[in-house]
Amino acid sequence: MHGFDQHADQMSSLVNQIQTLIPDIYIRNCEVGDGENATVFMTIENQVNELITCILNDPKLANGFIAFGYSNGGMLMRSYLEHFNHLGPKILRFITYSAPLGGFFCGGSSTCVEKAIPPILDDLVADIIYTRPLQTLIGPTNYWRDPYNLDLYKKHCAYLPALENIINYSQQMKDNFLSPDLFVFFGSNNDGAISPWESAWFGAFSDNQDEIVLQMEERDVYAQDLFGLKTLNEQERVKRINTGLTHLQFDTKEFVGMFVPWLVME
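Residue numbering for the sequence shown follows full-length UniProt numbering, beginning at 1 and increasing consecutively.
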């Protein structure tokens, strides 16, 4: 699944390299809306609905599939997993590259320069970002986790708090999250686009500041096992891999060499 401000064709190089190494593999490269504009100006919920349609319309996926999401695409795949895995074709293994799984924030001590956000968000305050019009207009606001305004985030952020199961707790969503055999999270300290970069591993800024990053195990959602991450980790079903690559190097030979072995299920 392609990333933010992209379209499916930009995944073609990665697809071709994988098919060269695994000739009999079947890959479905889904598109969200019209691609680039849709990932910016469509809510995450509507983007996920496009993804669901793509998956349901492909009979070759009916018996389950390995999900791969790049950047924003990782958030879409996570949403499919939690909301839909008990209803439609099942995600059997979950793999992401630089997906902001723990949320996205920049602008305090952390610079927004060259980050993977619409420039307009750099100048907006939480009171505006968490309004319904902005949450409806700009998709990435749906996982904007402002550490200085966590109450607003929990109450008015349209999507990520529900995925974290901190509001409207759903045992079904947790069960769905626990269903794949393995989770492989590729991230990088050289990412340069998502903030904090550890969000690729479910990390997030600590409360009321944006200098200290809480690792996955240090977060309340992990300690309370709200959506199953702690259970998965204790069962050794979580792999965190630092690629050392930038956000845009998802289709390089270096990454393909790290990625392809995880596409073979025993």
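Even for Gly, the Cβ is constructed at its ideal location relative to N, Cα and C.
Just reading off the beta strand (DSSP E) that residue i is part of, what are its end residues?
| i | result |
| --- | --- |
| residue 227 | From DSSP, residue 227 is part of no beta strand (DSSP E); its letter is neither H nor E. |
| residue 238 | 238 to 242 |
| residue 80 | Note, residue 80: premise wrong, no beta strand (DSSP E); alpha helix (DSSP H) at 72 to 84. |
| residue 97 | 91 to 97 |
| residue 257 | From DSSP, residue 257 is part of no beta strand (DSSP E) but of the alpha helix (DSSP H) over 253 to 259. |
| residue 187 | 183 to 187 |
On the CB-based measure, 16 or more other CB atoms within 10 Å of its CB, does residue i come out buried or exposed?
| i | result |
| --- | --- |
| residue 97 | buried |
| residue 229 | buried |
| residue 193 | buried |
| residue 257 | exposed |
| residue 62 | exposed |
| residue 251 | buried |
| residue 26 | exposed |
| residue 23 | exposed |
| residue 244 | exposed |
| residue 199 | buried |
So, at 7 Å on beta carbons, what are the nonlocal neighbours of residue i in its own chain, with the 5 sequence-adjacent residues on each side left out?
| i | result |
| --- | --- |
| residue 142 | 43, 44, 135, 157, 158, 159, 160 |
| residue 249 | 255 |
| residue 197 | 187, 188, 189, 191 |
Just to confirm before moving on: does the CB-CB distance between residue i and residue j stay below 7 Å?
| i | j | result |
| --- | --- | --- |
| residue 214 | residue 204 | yes |
| residue 95 | residue 221 | no |
| residue 241 | residue 186 | yes |
| residue 226 | residue 165 | yes |
| residue 87 | residue 66 | no |
| residue 89 | residue 64 | yes |
| residue 208 | residue 130 | no |
| residue 163 | residue 218 | no |
So the alpha helix (DSSP H) residue i belongs to, where does it begin and stop?
| i | result |
| --- | --- |
| residue 132 | 132 to 137 |
| residue 44 | 44 to 56 |
| residue 141 | Residue 141 -> no alpha helix (DSSP H), and no H or E assigned at all. |
| residue 286 | Since the displayed the chain opens at 1 and closes at 266, residue 286 lies outside it and no answer follows. |
| residue 177 | 171 to 177 |
| residue 129 | 126 to 129 |
| residue 87 | Unbroken run through residue 87: none, as it is neither H nor E. |
DSSP puts residue i in a beta bridge; with which residues?
| i | result |
| --- | --- |
| residue 214 | 204 |
| residue 105 | None, per the DSSP bridge assignment. |
| residue 194 | In the DSSP output, where bridge partners are listed per residue, residue 194 has none listed. |
| residue 67 | 94 |
Excluding the five sequence neighbours on either side, which residues of its own chain have a C-beta within less than 8 Å of the C-beta of residue i, listed in chain order?
| i | result |
| --- | --- |
| residue 18 | 25, 27, 256, 259, 260, 263 |
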